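First comes the structure, then the notes that go with it.
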Amino acid sequence: MVLPLVFVGRFAAYSIPGIGDSIRLPVSTTLFIEEGERLNAVAGSFSLR
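Take the sequence shown: its letter number 6 is residue 6 in full-length UniProt numbering, and every next letter is one higher.
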């Protein structure tokens with residue numbers, strides 16, 4: 001029964017950054033777009049995980 005507990009711990013550990021990214025990515029994309037519109041600029045962005 002130790003093995004399933006390891007998977008539960010790993011799942012919980014990887015869920016925390018996943019939840020953070022689900023909040024961070026849309027917010028940073030919105031800010032990036034607004035900054036480009038304000039400066040009348042064209043730019044590109046991508047995120048790697």
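All C-beta atoms in this analysis are idealised placements derived from N, C-alpha and C, irrespective of residue type, glycine included.
What you are looking at is a predicted structure, and each value in this text was computed from that prediction instead of being measured.
Item                                                                                     : Value
What did DSSP end up calling Ala12 once you bin it into helix, strand or coil?           : helix
May I ask you to report which of helix, strand or coil DSSP gives Leu31?                 : helix
Kindly indicate which three-state DSSP category Leu25 falls into: helix, strand or coil? : helix
Just verifying my parser: in three-state terms, what is the DSSP assignment at Leu39?    : coil
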